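Plus 44 on top of the position in the sequence shown (first one is 1) and you've got this note's numbering. What follows is a short report on a single structure.
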Amino acid sequence: MIDIDGRDEDFFVHGYQQLTKACDLPGVDAKIIKTVLNDFVRIYKGRTVTDNSGGAGEYPSAWLFLMAALFNPKLIVESGVWKGHTSWLFRNACPNAEIHSFDIRLGQLRCKLDDVSYYEQDWMSNDIVSNLDINESSLAYFDDHINQCLRVKQAYDMGFKYVIFDDNEPVIDGRYNVGMPACPTLQLLYSDYKYGEKITYERKGEQHVYEYLEDDVYEAVKYIKNYFILPESPCSVTFVELVN
Ligand SMILES: C[S@@+](CC[C@H](N)C(=O)[O-])C[C@H]1O[C@@H](n2cnc3c(N)ncnc32)[C@H](O)[C@@H]1O
């Protein structure tokens, strides 16, 4: 029996089956989900980035591995590489996928793989992404702390149907409890907060205020068909199905 941050196989099976129902993904037999989880546990033990502070720990990594392996995309575009752990995770989950990984700063990269293409720039800064063969079997992953509504619009424009977000943080009592919220997050988009309301957060001991503005929303609701926040995910890893 596996134990990933206190959760067993049945927990992940239940969560993954909820996800498939929420986001029009093919159903997967519990046995297969358990096999992939056991692969994750074995592979994760040999990870190159052993200290991934600032990036995904074991529990979100398990979900990312599971979703990527079972969805099995032919193409993955990642924004927010940091030390390279999530690129490594996607490569292990999807050995045959083409992977393109973007970060505006690659100086932190500790695990550089020969069969991943890294770019030190925002994914929209030139034509790289628009020249890729993006279709329904492609996956975009955003863990870059950039406006999640903007990322939804950009992913839609690029032709993605399936997107994963990290850090889809909620606003609780007018506050984001993280230092670099991707304002506005999708949880803010689907909340009762109104445009013009002010949301605070603290970064490195300094208080910041974000004013929720319609201009920041890019009509994101129009592009989102379904949306599922993975259970008990402290960084609110979220799977999004975009409209066609
Ligand atoms: C939380 S880290 C990514 C962690 C990584 N996905 C992991 O779990 O190991 C966020 C990264 O986003 C990067 N970033 C900030 N702005 C960006 C942008 N416009 N495009 C791509 N990456 C960006 C930062 O440089 C940082 O490396």
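We treat Cβ as the ideally placed atom computed from N, Cα and C, and that holds for glycine. Computed from a predicted structure; not experimentally measured.
If the five residues before and after G71 are omitted, its C-beta is found closer than 6 Å to the C-beta atoms of T64, all from its own chain and listed in chain order. Under the 10 Å beta carbon count, D159 is surrounded by fewer than 16 other beta carbons and is classified as exposed.
One Cα belongs to K89, the other to Y237, and the distance between them is close to 42 Å.
In this structure, L194 lies near D260, with their beta-carbon atoms less than 9 Å apart. By the Cβ criterion, the stretch 176 to 185 is in contact with the stretch 109 to 123, since at least three pairs of Cβ atoms, one from each stretch, lie closer than 8 Å.
Between ligand 1 and the CB of V93, the shortest heavy atom gap is smaller than 8 Å.
The beta carbon of A100 sits closer than 8 Å to at least one heavy atom of ligand 1. Taking the CA atoms as reference points, I46 sits about 6 Å from D52. Assignment of A113 by DSSP, reduced to helix, strand and coil, places it in the helix class. The shortest C-alpha to C-alpha distance from D188 to any of L257, Y262 and A100 is the one to A100. About 20 Å separates the CB atoms of C227 and P104; that is not less than 8 Å, and the two are not in contact. Comparing C-alpha distances from Y256 to each of I273, Y245 and I178 shows the shortest one belongs to Y245.
Within its own chain, the residues whose Cβ lies closer than 6 Å to the Cβ of H252, once the five positions on either side in sequence are excluded, are Y245, listed in chain order. In terms of CA proximity to C155, W126 leads the group A141, G98, E250 and W126. Taking 8 Å as the upper bound for CB-CB distance, P214 and G59 are not in contact here, some 18 Å apart. Ligand 1 has no heavy atom closer than 8 Å to the beta-carbon of W107. Distances from the CA of A141 to each of I148, R149, D147 and W132 were compared; the closest alpha carbon is that of W132. Of G223, D177, I268 and I273, the smallest CA-CA separation from K197 is found for I268.
The C-alpha of Y163 is placed about 14 Å away from the C-alpha of N175. In the DSSP annotation of this structure, the continuous segment of the beta strand (DSSP E) that includes T244 starts and ends at K242 to R247. By the criterion of a C-beta distance shorter than 6 Å, V85 is surrounded in its chain by I46, once the five residues flanking it on both sides are discounted. Under the three-state reduction of DSSP output, N212 falls in the coil class, being neither helix nor strand. At a threshold of 8 Å, S123 counts as near ligand 1, since its beta carbon sits closer than that to one of the ligand's heavy atoms. Exclusion of F272 from the 8 Å shell around ligand 1 follows from its C-beta lying no nearer than that to any non-hydrogen atom of the ligand.
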